[in-house]
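Under this note's numbering, the first residue of the sequence shown is numbered 794, with each subsequent residue one higher.
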Amino acid sequence: MSDNTEMMRYVPTTCPYCGVGCGLNLVVNNGKVVGVEPFKRSPVNEGKLCPKGMTCWEFVHSPDRLTSPLIKKDGKFVEASWDEALDLVASKFTEAYEKGGPKALGFHVSCRTPNEECYALQKLARVAFKTNNIDNCARICHGPSVAGLSLSFGSGAATNPFEDVLNSDLILMVGSNAVEAHPLAGRRIAQAKLKGIPIIVADPRFTPTARLADEWLQYNPSTHIALINSMMYWIIKEGKHDKEFIEKRTKGFEDLKKTVEQYADVESVTGVPTERVRELALKYAAAKNAVIIYCLGITELTTGTDNVRSLGNLSMLCGNIGRPGVGVNPLRGQNNVQGACDMGAYPNVFSGYQKCEDEATRKKMEELWGVTGLASEYGVTLTEQITQCGDPIKAMYMFALNPVVSYPDSNHVMRSLEKLDFLVVQDIFWTETCEFADVVLPGASFAEKDGTFTSGERRINRVRKAVDPPGNAKADWEIFVMLAEKLGIHGFDFKSAEDIWNDVRRVTPSMAGISYARMEKPESVHWPCPADDHPGTPILHREKFSSADGLGAFFGIEYREPAEVADAEYPFTLMTGRIIFHYHTRTQTDRCAALHYDAPEGYIQMNVEDAKRLNIKDGEKIHIRSRRGETDTIAHVGTDVAPGVLYMSMHYGNAPANKLTNTALDPLSKMPELKHCAVAIEKIEEA
Ligand code: SF4
794 MSDNTEMMRY VPTTCPYCGV GCGLNLVVNN GKVVGVEPFK RSPVNEGKLC
844 PKGMTCWEFV HSPDRLTSPL IKKDGKFVEA SWDEALDLVA SKFTEAYEKG
894 GPKALGFHVS CRTPNEECYA LQKLARVAFK TNNIDNCARI CHGPSVAGLS
944 LSFGSGAATN PFEDVLNSDL ILMVGSNAVE AHPLAGRRIA QAKLKGIPII
994 VADPRFTPTA RLADEWLQYN PSTHIALINS MMYWIIKEGK HDKEFIEKRT
1044 KGFEDLKKTV EQYADVESVT GVPTERVREL ALKYAAAKNA VIIYCLGITE
1094 LTTGTDNVRS LGNLSMLCGN IGRPGVGVNP LRGQNNVQGA CDMGAYPNVF
1144 SGYQKCEDEA TRKKMEELWG VTGLASEYGV TLTEQITQCG DPIKAMYMFA
1194 LNPVVSYPDS NHVMRSLEKL DFLVVQDIFW TETCEFADVV LPGASFAEKD
1244 GTFTSGERRI NRVRKAVDPP GNAKADWEIF VMLAEKLGIH GFDFKSAEDI
1294 WNDVRRVTPS MAGISYARME KPESVHWPCP ADDHPGTPIL HREKFSSADG
1344 LGAFFGIEYR EPAEVADAEY PFTLMTGRII FHYHTRTQTD RCAALHYDAP
1394 EGYIQMNVED AKRLNIKDGE KIHIRSRRGE TDTIAHVGTD VAPGVLYMSM
1444 HYGNAPANKL TNTALDPLSK MPELKHCAVA IEKIEEA
């Protein structure tokens, strides 16, 4: 054995994919990650991983990694030193700021990146450029959860941990295909089934999760509010609501009761017969402890926030909040969706949801950060920033995001990015969005840096460096520290990710008690945890809600149609979503051989009756168009979707669903309507 040969070692860390937050060991040999081993002591995954987790190391040493800063010169990208690239970024952002003020800049933060990096970039934007134009990609997945759960319960986060479903007497899943999208949370559902806990899946599509359920309730896409209002009508009519809980712990019940009086029969809207809705409602109400689990089928709509508040209404109506086995739990798609929001990469809050508009909070942050003049007004959200490219936004920072594929209406995104004076993209691989950049900065993968991810159950898990980044790539937090130095701003003398985390703790009361040392335990700690001797809070709202008055709020919410419904010209309703083998825009998962092999190309699910009528056979290529764009993909013919409905995965750049999707926004959370638009389809005739 030569002197520089390293013994095999195991580096405990957290899966870089979905928001379940599974623990795993990276197996390292001779400076390379050579495999993973599921972390047996992790209470989240108990020694199991899904296909993505098992292969999450493969992309780390891909020869396609970005290894040097790149600057576009005469239309071509050329390698540059860090000094040259960051001097250019600093000067262009400063120039845009001096000419146009805080409104001239935009910062987009990925939910894939550790808390420390999300925190550092939002601090840099706020301190250097006095702007709140900073947002993260939760905006296009769980923005409505943050908004809706905050309005209902006072905290925009999941109420109970994943394993707590095993304490339930009934599990109601709405718009969630956990078996595919969050497999290790799906495993908890399978365990609940083995325990005999009834599982009801309400979904327009017959998903693998619906197959697992005891009962599948199919309803017309995007009619959740009508369905839930009708359930609440029947619960109140039959006197099965929890009167004591409503009286002691909530407000707004009369408004809710009056609203749902109109929803006795919603079959014409939802497609579900009244008796079936009544039965479902009474089953939910009869369970001693019932939990609601939901996902993007609820949120990615122009009614997203209202859909979430409707689920909040239903849970409080039956007193299902604040103890084991109950609650309302969004499943988070990306590994750090929860954390990116928690860290203040959001246009109206600092870390820990401390409001920028509140003068006392701003003063406190100015003192703690040693700055003056922090912005008070609501910044521009991620999707609205795209519309503002060119006017007034001139310079944009895109951190580990690929909006050309992942944001709605790709053609609109590309036209908008072209209008910028200056775009920085910081990522680990070349993406479709890099084509529009002026500077591309090479960051580090999860295996090459320290930090933390916060899972969908508010558990803060350690990410540990196992190997060095390739070439001249750097940990992303180091890039922000170097840029802060170029900009001459204070408060960035961080020497490690832990230094940044300690800055988070210093300014964020709800996380003050969570040190790196406490995260050494496999179970780590759930926020809120305000002090070193506080145990953390796996279950929220036990005695009172997190709102200022301690009460949960009911809202009377009327059903409204999606922004675009099928018509004679575009007669199909298109829904979009994820598949088990891929993540985001596949920049990582498609570089894992097994995942590429299992799902090399996109597809669209359609009903067999529609296929017969249009003479389309299973496996044939079809053309899809909406009012915004068009694409081709493979037809999967079956009965998983109803006639008139289509379902397409969102991962594939070569069959981009987001060429078709609608940018219409939820008025409260600014979520675009990714899950519902009208399209037309045609068979592609062989030449
Ligand atoms: Fe990773 Fe999510 Fe799979 Fe767990 S369930 S291994 S966190 S992708």
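Beta carbons: idealized from backbone N, C-alpha and C, even for Gly.
Give the single residue among 1466, 1113 and 1061 whose Cα lies nearest to the Cα of residue 1078. 1113
Using a Cβ-Cβ cutoff of less than 8 Å, which residues in the same chain neighbour residue 1106 once the five nearest sequence positions on both sides are dropped? 945, 1021, 1025, 1049, 1347, 1348 and 1350
Would you tell me roughly how many angstroms separate the C-alpha atoms of residue 795 and residue 1087, rounded to the nearest one? Here residue 795 scores only 44 on pLDDT, less than 50, and its place in the model should not be relied on; the value that follows carries that caveat. Using only the alpha carbons, I get a separation of about 54 Å.
Return helix, strand or coil for residue 1358, following the three-state DSSP convention. coil
Below 8 Å between beta carbons: does that hold for residue 1432 and residue 1408? no
Alpha-carbon spacing of residue 879 relative to residue 1259, whole angstroms: 26 Å
To which residues of the same chain is residue 1426 closer than 8 Å at the C-beta, ignoring the five residues directly before and after it? 1394, 1395, 1396, 1397, 1414, 1415, 1417, 1441, 1445 and 1448
Measure the alpha-carbon distance for residue 1195 versus residue 1474 and round it to whole angstroms. 27 Å
So what does DSSP say about residue 1055, is it helix, strand or coil? coil
Could you give the distance in angstroms between the alpha-carbon of residue 1167 and the alpha-carbon of residue 914? 15 Å
Contact set, ligand 1 heavy atom to C-beta under 6 Å: 808, 810, 811, 813, 814, 815, 838, 842, 843, 845, 846, 975, 976 and 977
Tell me which same chain residues have a C-beta within less than 6 Å of the C-beta of residue 1321, skipping the five on either side of it? 1303 and 1330
CB-CB under 8 Å to residue 821, same chain, minus the five flanking residues each way: which ones, in chain order? 799, 801, 802, 803, 804, 827, 1259 and 1260
Give the DSSP bridge partners of residue 1369, in chain order. 1441
Contacts around residue 1147, its chain only, beta-carbon distance under 6 Å, and the 5 residues preceding and following it disregarded: 1154
Is residue 1281 buried or exposed, if buried means 16 or more other CB atoms sit within 10 Å of its CB? exposed
Note the first and the last residue of the continuous beta strand (DSSP E) segment covering residue 1163. It is not in any beta strand (DSSP E) - residue 1163 carries neither H nor E in the DSSP assignment.
Taking C-alpha atoms, which residue in 926, 956, 1182 and 989 lies nearest to residue 1149? 926
Mind checking which residues open and close the alpha helix (DSSP H) that includes residue 1337? That residue, residue 1337, is in no alpha helix (DSSP H); it is neither H nor E in DSSP.
I'd like to know if the stretch 1130 to 1147 and the stretch 1351 to 1358 are in contact, where contact means that at least 3 CB-CB pairs between them fall below 8 Å. no
Can the beta-carbon of residue 898 be found less than 8 Å from the beta-carbon of residue 1277? no
Inter-residue spacing [alpha-carbon to alpha-carbon] between residue 1327 and residue 1353: 44 Å
Proximity to residue 1030 [Cα-Cα], best of 922, 837, 1055 and 1038: 1055
Please report the straight-line C-alpha distance between residue 1404 and residue 1410, rounded to a whole angstrom. 7 Å
In chain order, what residues of the same chain have a beta carbon less than 6 Å from the beta carbon of residue 1183, not counting five sequence neighbours either side? 1212
Using 10 angstroms around the beta-carbon of residue 834, count the other beta-carbons present and answer buried if the total reaches 16, otherwise exposed. exposed
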